[in-house]
Amino acid sequence: MSQFKRIWITHNTNTTRQKLNDTYLPYILPAYLTWLNAHLTKIWPYVDEATSELIKANLEPTLEQYRPMVLSSLSFSKFTLGTVARQLTRVSIVEDGGEGITMELEMNWDGNPSIILDIKSRLGVGLPVQ
1 MSQFKRIWIT HNTNTTRQKL NDTYLPYILP AYLTWLNAHL TKIWPYVDEA
51 TSELIKANLE PTLEQYRPMV LSSLSFSKFT LGTVARQLTR VSIVEDGGEG
101 ITMELEMNWD GNPSIILDIK SRLGVGLPVQ
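Just so we're aligned, residue 1 is where the sequence shown starts under UniProt numbering, counting upward by one.
Set out below in C-alpha cells:
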C-alpha cells in the first residue's frame, strides 16, 4: 500500500486526479488485486476463526431468545466459513468532490462453509442440522 501512496503523491504533484484515474490506475490496480488476494489467502484461517466466533457469539443468543418452547436448546456445534478465502475482483476509484478519494472493492466468495446447528428437544432428542 505504501507504493500506491508513493505513486499517488508523485503523480499528484504533476497531474490532476482525473488523469491519474484515467491513465495510471488501470495498470496499477490489477497488480494490487493479485497482491491483496495473495495476502487474503494467507490470513484467511485467522479471519475465518475470528469471524466464525463473532457470528456464533452474536447469533446464538438471538436463536435462544426466539427458541420455540418445545426445544430445550439451539446451538452451533460447528460454524466455519471454510478454507476458501474471499477474492477481490474489482476496485473502483470514486471522486468524492473533496480532497479525498473513495475505493470501492468488489469481492467474490466461492466458499465451502460448514455450519451445523444442534437442535435439542425437551424430550431429549437431538437433531444436528447442516
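For glycine and all other residues, C-beta sits at the position ideal for the given N, C-alpha and C.
- Straight-line spacing of the CA atoms in M107 and L36 works out to 11 Å.
- A contact is defined here as three or more CB-CB pairs under 8 Å, and the stretch 83-98 fails this definition with respect to the stretch 55-64.
- Note on the UniProt domain "SMP-LTD" (29-130): whole beta strand (DSSP E) runs with a minimum of 3 residues are 71-80, 87-95, 101-108, 114-121 and 126-129, in chain order.
- The Cβ-Cβ distance between S52 and T80 falls below 8 Å.
- Burial is judged here by how many other beta carbons sit within 10 angstroms of a residue's own beta carbon; D48 has at least 16 and is buried.
- By the C-beta density criterion, A85 is buried, having at least 16 other C-beta atoms within 10 angstroms.
- Linking D96 to A57 through their CA atoms gives a straight-line distance of about 37 Å.
- When the five nearest sequence neighbours on each side are left out, the beta carbons in the same chain lying within less than 6 Å of the beta carbon of T102 are those of V94 and D96, in order along the chain.
- The distance from the Cβ of L74 to that of L123 is about 15 Å, inconsistent with a contact at the 8 Å cut-off.
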